[in-house]
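**Q** Pasting a structure below so you can have a look.
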Amino acid sequence: MAGTTSRGGRGSSRGGRDTGGKDTVAVARRAEVRLPPLVAYDGEGLEPDGDYDSVRFEAVDLADQSGPGARFMDCALDGCALDRTELTRARFIDSVLTGVRGVGTGLAGASLRDVEIVDARLGGVQLHGAVLERVLVRGGKVDYLNLRKARLKDVVFEGCVLSEPDFGGAHLVRVEFRDCVLRRADFSAVRMESVDLRTVAELDIARGVERLAGAVISPSQLMELAPAFAAQIGVRVEA
Numbered sequence: 001m002a003g004t005t006s007r008g009g010r011g012s013s014r015g016g017r018d019t020g021g022k023d024t025v026a027v028a029r030r031a032e033v034r035l036p037p038l039v040a041y042d043g044e045g046l047e048p049d050g051d052y053d054s055v056r057f058e059a060v061d062l063a064d065q066s067g068p069g070a071r072f073m074d075c076a077l078d079g080c081a082l083d084r085t086e087l088t089r090a091r092f093i094d095s096v097l098t099g100v101r102g103v104g105t106g107l108a109g110a111s112l113r114d115v116e117i118v119d120a121r122l123g124g125v126q127l128h129g130a131v132l133e134r135v136l137v138r139g140g141k142v143d144y145l146n147l148r149k150a151r152l153k154d155v156v157f158e159g160c161v162l163s164e165p166d167f168g169g170a171h172l173v174r175v176e177f178r179d180c181v182l183r184r185a186d187f188s189a190v191r192m193e194s195v196d197l198r199t200v201a202e203l204d205i206a207r208g209v210e211r212l213a214g215a216v217i218s219p220s221q222l223m224e225l226a227p228a229f230a231a232q233i234g235v236r237v238e239a
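Number 160 in full-length UniProt numbering belongs to position 160 of the sequence shown; there are no gaps in the numbering.
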């Protein structure tokens, strides 16, 4: 399926607000993290199944480190390098990641609950099979985000750029894309429930436009996507 791009939608109302109709979009429950007093990280490296509680990782170079199954509870990661960091099946709970950067971070099968990710610069993050619940991704840029077969519930992408994200086979429930850019997104075999795309600044769908059932789009986006929708049902549009 050829890629389909839609711009605009900023003039539409925010998703989920009750306007009295039966078909309003359910609002995502936003992550609201309030961190307790934190202690500075003074370790020599991540450990498999490590337990990190109320720890601040300040500009720590975690590149090429391995901590599969690690648990981060009430933690802050500020300006950390995550190049090729192996965090398969890790758990992040009530934590904030700010200004993290890296390529090839391994988070397959990880669990993120009540997490804020702010101004990240990441590439090739592996989150396939992961579970994200009450997660806010605000600002920053993520290239080649792999969310295949992941489960996202109450997730908000806000003011960020997602270049070639792969949502193939994922299940999205109450997910909002606010004022962000989606370039060459893959929605193949995705399942959507109350997914709000109305305020996406640039909606570029490479694959899976036929899987948008359960999403809400703006009238202007509908006009942009109309040729792709027509192609899906075999309708030819000619002047």
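Every residue, glycine too, gets a C-beta built ideally from N, C-alpha and C.
1. Mind checking who K141 pairs with in its DSSP beta bridge?
2. Hey, quick one: how far does the alpha helix (DSSP H) through L225 stretch, first residue to last?
3. How would you call E32, buried or exposed, if buried means at least 16 neighbouring beta carbons within 10 angstroms?
4. What residues match up with T98 in a beta bridge as DSSP calls it?
5. For residue 268, name the three-state secondary structure that DSSP assigns.
6. Touching or not, the region 103-111 and the region 122-135, by the rule of three or more beta carbon pairs under 8 Å?
7. State the CB to CB distance for the pair A228 and V200, rounded to an integer number of angstroms; the pair is presumed to be in contact (CB under 8 Å).
8. Assuming S163 contacts V25 (C-beta within less than 8 Å), just tell me the rounded distance between them.
9. Alpha carbon to alpha carbon, how far is V237 from V156? Give it in angstroms, no decimals.
10. From L222 to D179, what distance separates their C-alpha atoms?
11. Taking DSSP as the reference, what is the three-state secondary structure of R184?
12. Determine whether the beta carbon atoms of F177 and D196 lie at a separation below 8 Å.
13. Tell me which residues share the same chain as A239 and place their Cβ nearer than 7 Å to its Cβ, disregarding the 5 neighbours each side in the sequence.
14. Among A231, G169, L97 and V175, whose alpha-carbon lies nearest the alpha-carbon of A150?
**A** In terms of the structure at hand:
1. R121 and V161
2. P219 to Q232
3. Counting Cβ neighbours within 10 Å, E32 comes out exposed, since fewer than 16 surround it.
4. D78 and V118
5. The chain is shown only over 1 to 239; residue 268 falls outside these bounds and no answer can be derived.
6. yes
7. In fact, because the Cβ distance is near 15 Å, the residues do not count as touching under 8 Å.
8. No, S163 and V25 are not in contact; Cβ-Cβ is about 25 Å, not under 8 Å.
9. 36 Å
10. Inter-residue distance for L222 and D179 is about 17 Å (C-alpha atoms, whole angstroms).
11. strand
12. yes
13. So the list is empty, once near-sequence residues are dropped.
14. G169
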